[in-house]
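Residue numbers (this note's numbering): 12 to 174.
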């Protein structure tokens, strides 16, 4: 019984991530237009494309687990997205807007890192080694984006915003 519940919990986690990836893709597209730093725009555009690929992978993993994508929105990502809109709108200075974009992107990425990592561990415990490896790869991709944003923020965005 517990294993069946755990399997269902895994499917629900995949459904939540599918929704988060769709929302994240749109949020990254929207934020890109407000960024003045070309490197930050490039990272955001690549992040949007990565979120789209991840959404496709999650859909496939859902089908392999016997689940289907859900129309239920991911409440965590909704909150992150709403917060991003608020902080980006509140920033009038382009440098502050860029720093806000970095912070918002990293908050989103930290959610993905935690969520993908959790589901990778869950898949492994369910004997889904291939799926666990794919989720781990996705976790690592999000960590790499986080590092790129950290470097861009430290080198330019935060430095310019504080002057």
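Note that CB positions come from ideal geometry on N, CA and C, so glycine has one too.
Contact between the segment 86-105 and the segment 152-159 is absent, with fewer than three C-beta pairs closer than 8 Å. By alpha-carbon distance to residue 80, the top candidate from 109, 171, 14 and 33 is 33. Cβ atoms of residue 99 and residue 112 come within 8 Å of each other, at about 6 Å.
Here residue 65 is buried. Its C-beta has 16 or more other C-beta atoms within 10 Å. Apart from the 5 residues on each side of it in sequence, residue 73 sits with its Cβ closer than 7 Å to the Cβ of 22, 25, 26, 29, 79 and 80 in its chain, given in chain order.
Your pair residue 41 and residue 58 does not check out as a contact, with CB atoms roughly 12 Å apart and the cut at 8 Å.
The segment 128-144 makes no contact with the segment 102-117; the number of CB pairs closer than 8 Å stays below 3.
By the CB criterion at 8 Å, residue 54 and residue 148 fall outside the cutoff.
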